[in-house]
Ligand code: SF4
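Protein chains in written order, with this note's numbering: chain A, 182 to 553; chain B, 616 to 693.
This is the structure:
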């Protein structure tokens, strides 16, 4: 996909974008919902070029590590420190989030317990298959992109009668979070770049309310610089025409209907509940938990952990991560940014994750380019 | 965490399980979410699972569009 990085093509698109931005009544502010888009924008140096073209970009809540409240991270730590002989499997980023109890990396495991970093939920399941006497808890975190894979492991464990496998769910749904941001009105968003890989599962339909109820345009984008610029041009075209919609600018990878097989699996294993997000608070039907039929695979229920429900836990003192996730504050607006909070000594999760706005701004931001 | 990459299915190993070639190496991929995928198809892989089968016609169309845009600015050619 090298042509999607071709400087000449990108320049042509930036020219189109600048021309359209000038015709709008006010400078458009667009939110890239997904942390992987934030990374792509900064890495490729597009953010300053877009600013020059008259488009302001703000980062959104699309970082599962970041929006998972500390209460949930602390529940994961409680598993590995409080239960003997357990393997806690987790995605790498999830293990470095600082809490009152330290992080999964710094916590001292109970006797015979250990932490294992996995890339795929199936690796956690394989671990449970290999040693049926040893409990394996997968700290399953993610958006709609990842949830089907996590649901797969639960259904599979049930089918195989694997009694030693459980999931500690931190499963988040993107559309309800967008509604919360639009209803809170504390940041004016003129358009959304929708996450390409969440959309690979849910399709375009679940974003229609953004255009229909709130009149805000949007486009689903891929992750090459050219993909993102195409989406931005489409959003500005919708705004100029006064016809907001949900454009699909990633049709080589996904269809408008997403992946019905993946959605059916999610629905079979999980059910929605009112989940508490860092920064956004409790949002109706925005999280998933395991259905009662799979209760035996819920680590929270099995080990009697305080369920990851409404209590958001305590944010680290001085950390503005919650405001960063709502797009209200830029990472540079946090007093601790780059001073007390740095990638090698993060204070909040937004400085931990590779999709966290603070880490990305620190590594690639204009004032700090070349650091880290 | 929603990082996902395109890769080609090198072979189907068992129902729902396959091997994909990604940047010169062979990786295990779970195909349960894309039952329609066949050997030779390009898929989007996230956390070890293929979540989508790519549309080669659309991919060619996107490439054509970008080549056209690049051709309009020949002095900037990479
Ligand atoms: S810079 Fe650090 S302390 Fe400040 S908001 Fe970001 S993660 Fe939190």
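Ideal Cβ placement from N, Cα and C applies to all residues, glycine included.
In this text, all values refer to a predicted model and were calculated from it rather than measured experimentally.
Identify, in the order they occur along the chain, each residue of the same chain with its Cβ nearer than 6 Å to the Cβ of residue i, setting aside the five sequence neighbours on each side.
i                      : result
residue 542 of chain A : 512
residue 447 of chain A : 328, 329 and 332
residue 227 of chain A : 406
residue 671 of chain B : none
residue 647 of chain B : 631
residue 428 of chain A : 400 and 415
Spatial neighbours of residue i within its chain, please: CB distance less than 8 Å, with the 5 preceding and 5 following residues excluded, ordered by chain position.
i                      : result
residue 186 of chain A : 225, 405, 406 and 407
residue 465 of chain A : 357 and 455
residue 292 of chain A : 265 and 266
residue 277 of chain A : 284, 285, 286, 527 and 533
If you draw a straight line from the alpha carbon of residue i to that of residue j, how long is it in whole angstroms?
i                      : j                      : result
residue 553 of chain A : residue 524 of chain A : Because residue 553 of chain A sits at a pLDDT of 42, beneath the cut-off of 50, its placement in the model cannot be relied upon, and the following sentence gives the value as read from the coordinates. Spanning the two alpha carbons is a distance of roughly 8 Å.
residue 572 of chain A : residue 403 of chain A : Past the edges of chain A, shown from 182 to 553, lies residue 572 of chain A, and the structure says nothing about it.
residue 476 of chain A : residue 482 of chain A : 7 Å
residue 685 of chain B : residue 197 of chain A : 13 Å
residue 676 of chain B : residue 432 of chain A : 10 Å
residue 235 of chain A : residue 413 of chain A : 12 Å
residue 190 of chain A : residue 231 of chain A : 15 Å
residue 551 of chain A : residue 539 of chain A : In this prediction, residue 551 of chain A has a pLDDT of 45, which is less than 50 and means its spatial position is unreliable; nothing more can be read from the coordinates.
residue 692 of chain B : residue 193 of chain A : Residue placement at residue 692 of chain B cannot be trusted, given a pLDDT of 46 that sits under 50; what the coordinates show is reported in the next sentence. Those two C-alpha atoms are separated by around 12 Å.
residue 624 of chain B : residue 639 of chain B : 12 Å
residue 452 of chain A : residue 544 of chain A : 38 Å
residue 203 of chain A : residue 372 of chain A : 16 Å
residue 440 of chain A : residue 521 of chain A : 43 Å
residue 682 of chain B : residue 184 of chain A : 6 Å
residue 661 of chain B : residue 326 of chain A : 7 Å
Nearest to residue i by alpha carbon, out of the options?
i                      : options                       : result
residue 519 of chain A : A/507, A/247, A/452 and A/532 : A/532
residue 469 of chain A : A/529, A/377, A/419 and A/354 : A/354
residue 349 of chain A : A/455, A/257 and A/189        : A/257
residue 271 of chain A : A/264, A/260, A/280 and A/293 : A/260
residue 363 of chain A : A/387, A/394, A/497 and A/427 : A/394
residue 467 of chain A : A/360, A/535 and A/438        : A/360
residue 299 of chain A : A/275, A/313 and A/384        : A/275
residue 423 of chain A : A/347, A/205, A/252 and A/411 : A/205
residue 502 of chain A : A/208, A/182 and A/246        : A/246
Take residue i and list the residues in its own chain whose beta-carbon comes closer than 7 Å to its own, dropping the five residues that flank it on each side.
i                      : result
residue 504 of chain A : 460 and 510
residue 409 of chain A : 218, 221, 222, 227, 374 and 402
residue 315 of chain A : 266, 268 and 345
residue 425 of chain A : 392, 396, 397, 398 and 419
residue 443 of chain A : 329 and 382
residue 669 of chain B : 621, 657, 658 and 659
residue 238 of chain A : 211, 213, 222, 228 and 231
residue 387 of chain A : 356
Any residues in the stretch 183-208 of chain A with a beta carbon nearer than 7 Å to a beta carbon of chain B? Which ones, in chain order? 184, 185, 187, 188, 189, 190, 192, 193 and 194
Taking any Cβ of chain A, which residues in the stretch 667-680 of chain B have a Cβ under 7 Å from it, in chain order? 667, 669, 670, 673, 674, 677 and 678
Relative to chain A, which residues along the stretch 618-636 of chain B have a C-beta separation below 8 Å, given in chain order? 618, 619 and 621
Residues in the stretch 369-402 of chain A having any Cβ partner in chain B nearer than 9 Å: 376, 377, 378, 379, 381 and 382
Taking a Cβ distance cut-off of 8 Å, strictly less, list which residues of the stretch 210-232 of chain A are near chain B, in chain order. 215, 216 and 217
Quick one, which residues of the stretch 302-323 of chain A are near chain B if we go by CB-CB under 9 Å, in chain order? 302, 303, 304, 322 and 323
Beta carbons nearer than 8 Å to chain B: which residues of the stretch 442-463 of chain A have them? 442, 443 and 446
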